[in-house]
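Numbering (my numbering), first residue to last: 74 to 239.
Right, dumping it as structure tokens:
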């Protein structure tokens with residue numbers, strides 16, 4: 074499928090990585106106790122079959138979230154522990170425009186549409202597998218698109234224009 078219009082959004086950077094395992098306490102041993110990440114919140118969802126600790130590294134608009142996830146029920150879907158690197162989250166400057174444009178280009182999205190995610194931002198997921206109707210997908214990787222808050226958009230715009238201060 075050929076891109077016929079200019080992309081009406083920007084990918085600003087990595088918002089998060091999500092790591093799954095059968096027991097998040099084992100993940101905490103490495104990420105929190107050994108590497109020093111801070112647990113900043115928790116999230117549980119029956120719908121998403123997840124019990125996660127939300128951790129962070131870095132600060133300000135360049136902070137990256139690291140989600141340590143275990144399934145609520147290991148026999149149910151989604152199986153957040155089945156793929157250890159569960160998904161990558163990308164900051165997007167205009168999520169609704171991104172979804173509209175990418176869909177028109179043939180990108181497949183996972184069911185659920187735009188909704189509020191664990192960290193409180195609007196999110197949606199690119200499906201890891203393409204199909205006939207939508208021939209472009211994550212090629213085995215689940216990709217979360219996350220609406221960047223205004224301070225992240227401003228920081229990245231300042232950096233891109235060369236006006237960021239240290």
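Cβ coordinates follow ideal geometry from the N, Cα and C atoms, glycine included.
Should residue i be labelled buried (16 or more other beta-carbon atoms within 10 Å of its own) or exposed?
| i | result |
| --- | --- |
| residue 204 | exposed |
| residue 140 | buried |
| residue 95 | exposed |
| residue 142 | buried |
| residue 79 | exposed |
| residue 107 | exposed |
| residue 158 | exposed |
| residue 138 | buried |
| residue 217 | buried |
| residue 210 | buried |
Across which residues does DSSP place residue i in a beta bridge pair?
| i | result |
| --- | --- |
| residue 91 | 140 and 160 |
| residue 220 | 165 |
| residue 80 | Answer is none; residue 80 lacks a bridge partner. |
| residue 199 | 182 and 216 |
| residue 235 | In the DSSP output, where bridge partners are listed per residue, residue 235 has none listed. |
If you run the structure through DSSP and keep just helix, strand and coil, what is residue i?
| i | result |
| --- | --- |
| residue 194 | coil |
| residue 207 | coil |
Within the stretch 99-170, ranges of the beta strand (DSSP E) (whole runs, at least 3 residues): 111-118, 123-130, 137-143 and 158-165
Validate contact between the stretch 110-128 and the stretch 145-156 using beta carbons, cut 8 Å, 3 pairs: yes
Given 8 Å, three or more beta-carbon pairs between the stretch 174-183 and the stretch 199-215: yes
Cβ contact (3+ pairs, closer than 8 Å) linking the stretch 170-177 and the stretch 95-105: no
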